[in-house]
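Residue numbers (the numbering used here), protein chains in the order written: chain P, 425 to 536; chain Z, 7 to 120. C-beta: ideal position from N, C-alpha, C; glycine also.
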Amino acid sequence: ILNVEQSPQSLHVQEGDSTNFTCSFPSSNFYALHWYRWETAKSPEALFVMTLNGDEKKKGRISATLNTKEGYSYLYIKGSQPEDSATYLCAFCGGSQGNLIFGKGTKLSVKP
Amino acid sequence: ETGVTQTPRHLVMGMTNKKSLKCEQHLGHNAMYWYKQSAKKPLELMFVYSLEERVENNSVPSRFSPECPNSSHLFLHLHTLQPEDSALYLCASSQVRRYNSPLHFGNGTRLTVT
Numbered sequence: 425i426l427n428v429e430q431s432p433q434s435l436h437v438q439e440g441d442s443t444n445f446t447c448s449f450p451s452s453n454f455y456a457l458h459w460y461r462w463e464t465a466k467s468p469e470a471l472f473v474m475t476l477n478g479d480e481k482k483k484g485r486i487s488a489t490l491n492t493k494e495g496y497s498y499l500y501i502k503g504s505q506p507e508d509s510a511t512y513l514c515a516f517c518g519g520s521q522g523n524l525i526f527g528k529g530t531k532l533s534v535k536p
Numbered sequence: 007e008t009g010v011t012q013t014p015r016h017l018v019m020g021m022t023n024k025k026s027l028k029c030e031q032h033l034g035h036n037a038m039y040w041y042k043q044s045a046k047k048p049l050e051l052m053f054v055y056s057l058e059e060r061v062e063n064n065s066v067p068s069r070f071s072p073e074c075p076n077s078s079h080l081f082l083h084l085h086t087l088q089p090e091d092s093a094l095y096l097c098a099s100s101q102v103r104r105y106n107s108p109l110h111f112g113n114g115t116r117l118t119v120t
C-alpha cells in the first residue's frame, strides 16, 4: 500500500510569519509530486507539479522543493497572509498514467 | 469561477433512492475523474475516463455507476447507497491523463445518505 504522509496536520500562525510543511512519499517509481491548495467552500486548486529531483518551484510567496531520492517535498509560505488560510494537499504519482495518491493535507490558519 | 461545474452542491438521499451527480468541464480537457473524500480520509480516486472511455475503476462498489457521454460531461449514478457512502464527491478534469497534467476540480457534491 502506497502512503503519502503530510505533517503537521494543522498549523496556526500569525500574519507575517513564514511557515513550511512536509509531504513524504514513496521514493521508488516516482513520476510526479503535485501540490494543491483547498480553501473552504471552494475547489482544490493546483499550485505546482514537480517532476525532477532537486526541483524548486515558486508562485508569489509560495515555493516548493522536491527530494525524490529520500521521498519528501517541502512547501514554504513567506510572510503568511490571512488569505493563505487553506488546506494544502500533496499527491504522489507513481506511474505515467497519472493516478494520484493524496495525503490528508495540512490545514493552515493565518490570524490577522 | 471554476472551469469545472458540479451539481447539485448538496444532496440528501435515502438508502432506496436513485440519484445522479453531474459534472461539466469547459476547459477542453480529455480526462475526467471522480474522487471521494470521507471524513478524516484523503481524497480517493474512484473512476477515470480518458477520451470518453473508462480506464480505471478503483474497486468501487457497483452501487456507484459512472457515465461519460462526451468529453465535457461526467455523471455518477447512485442507487441503494449505504450511510457510510456519505461523503464529499469531487469531479476533476485534466488536459490529458498523464503524470504531469494537473487536475482541475469542481466544488464537489456533499452527499448524505440517511
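Discussion item. I believe P/Gln433 touches P/Lys535 by the beta-carbon criterion, under 8 Å. Please report the beta-carbon distance rounded to the nearest angstrom.
Written reply: Locating residue 433 of chain P in the first sequence gives position 9, where the first residue counts as 1. Locating residue 535 of chain P in the first sequence gives position 111, where the first residue counts as 1. Wrong, their Cβ atoms sit about 18 Å apart, outside the cutoff.
Worksheet item: For the beta strand (DSSP E) that contains P/Lys502, what are its first and last residues?
Response: On the first sequence, residue 502 of chain P is found 78 positions in, with the first residue counted as 1. Run containing P/Lys502: none; DSSP gives neither H nor E here.
Fill in: Z/Arg60 versus Z/Arg116, Z/Lys47, Z/Ser44 and Z/Ser77, residue with shortest Cα-Cα distance
As a working note, residue 60 of chain Z is residue 54 in the second sequence. Ranking Z/Arg116, Z/Lys47, Z/Ser44 and Z/Ser77 by Cα distance to Z/Arg60 puts Z/Ser77 first.
Worksheet item: Quick one: Cα of Z/Cys74 to Cα of P/Ser442, how far?
Response: Taking the second sequence and counting its residues from 1, one reaches residue 74 of chain Z at position 68. Taking the first sequence and counting its residues from 1, one reaches residue 442 of chain P at position 18. Each residue's Cα considered, the two are about 44 Å apart.
Fill in: Under 9 Å by beta carbon: chain P residues contacting Z/Gly34
Translated into positions along the second sequence, residue 34 of chain Z becomes position 28. Per Cβ cutoff of 9 Å: no residues; Z/Gly34 is ~16 Å from chain P at best.
Fill in: Cβ-Cβ separation, P/Tyr455 to P/Glu469 (assumed contact under 8 Å), whole Å
Numbered from 1 along the first sequence, position 45 holds the residue referred to as residue 469 of chain P. Numbered from 1 along the first sequence, position 31 holds the residue referred to as residue 455 of chain P. P/Glu469 to P/Tyr455, Cβ: 21 Å. No contact.
Worksheet item: Between P/Ser509 and chain Z, is there a C-beta pair that is closer than 8 Å?
Response: As a working mapping, residue 509 of chain P is identified with position 85 in the first sequence. P/Ser509 does not count as touching chain Z.
Practice prompt. Verify the CB distance criterion: does Z/Asn106 have a CB-CB separation below 8 Å to chain P?
Written response: Walking along the second sequence from the start, residue 106 of chain Z turns up at place 100. Cβ-Cβ to chain P under 8 Å: yes for Z/Asn106.
Practice prompt. Output, in chain order, the set of chain Z residues within a Cβ distance shorter than 8 Å of P/Thr475.
Written response: Mapped onto the first sequence, residue 475 of chain P falls at position 51. Listed along chain Z are Tyr105 and Asn106, each with a C-beta nearer than 8 Å to that of P/Thr475.
Worksheet item: For P/Ser509 versus Z/Gly112, is the C-beta distance shorter than 8 Å?
Response: Counting from 1 along the first sequence, the entry for residue 509 of chain P is found at position 85. Counting from 1 along the second sequence, the entry for residue 112 of chain Z is found at position 106. For P/Ser509 and Z/Gly112, no; Cβs fall outside 8 Å.
Worksheet item: Bridge partners of P/Asn491, per DSSP?
Response: Reading the first sequence from its first residue, position 67 is the one you call residue 491 of chain P. Partner(s): P/Tyr496.
Worksheet item: Taking all protein chains shown into account, do 16 or more other C-beta atoms lie within 10 angstroms of the C-beta of P/Ser504, making it buried, or fewer, making it exposed?
Response: Here residue 504 of chain P corresponds to residue number 80 of the first sequence, with the count starting at 1. Flag for P/Ser504 reads buried.
Fill in: Residue interval of the beta strand (DSSP E) (run including P/Glu429)
Working through the first sequence from its first residue, we reach residue 429 of chain P at position 5. For P/Glu429, the uninterrupted beta strand (DSSP E) segment begins and ends at Glu429 to Ser431.
Discussion item. Counting only beta-carbon separations shorter than 8 Å, does Z/Ser44 have a partner in chain P?
Written reply: Here the question's residue 44 of chain Z lines up with position 38 in the second sequence. Cβ-Cβ to chain P under 8 Å: no for Z/Ser44.
Worksheet entry | Reference P/Gly400; option with closest CA among P/Lys502, P/Leu476 and P/Phe516 | Any property of residue 400 of chain P remains undetermined from this structure, which presents chain P solely from 425 to 536.
Worksheet item: Where does Z/Ala45 land, buried or exposed, given buried means 16+ other C-beta within 10 angstroms?
Response: Residue mapping note: residue 45 of chain Z aligns to position 39 of the second sequence, counting from 1. Per the 10 Å Cβ criterion, exposed.
Discussion item. Given this structure, state the Cα-to-Cα distance separating P/Asp415 from P/Thr489, to the nearest angstrom.
Written reply: This structure cannot speak to residue 415 of chain P, because chain P is shown only from 425 to 536.
Worksheet item: Who does Z/Glu59 pair with in a DSSP beta bridge?
Response: Translated into positions along the second sequence, residue 59 of chain Z becomes position 53. Its beta-bridge partners are Z/Ser56.
Worksheet item: In the region 429 to 444 of chain P, which residues sit with their C-beta less than 7 Å from some C-beta in chain Z, listed in chain order?
Response: none
Discussion item. Just checking: is the beta-carbon of P/Lys483 within a distance shorter than 8 Å of some beta-carbon in chain Z?
Written reply: Stepping through the first sequence from its first residue, residue 483 of chain P is reached at position 59. With 8 Å as the cut-off, P/Lys483 does not count as an interface residue toward chain Z.
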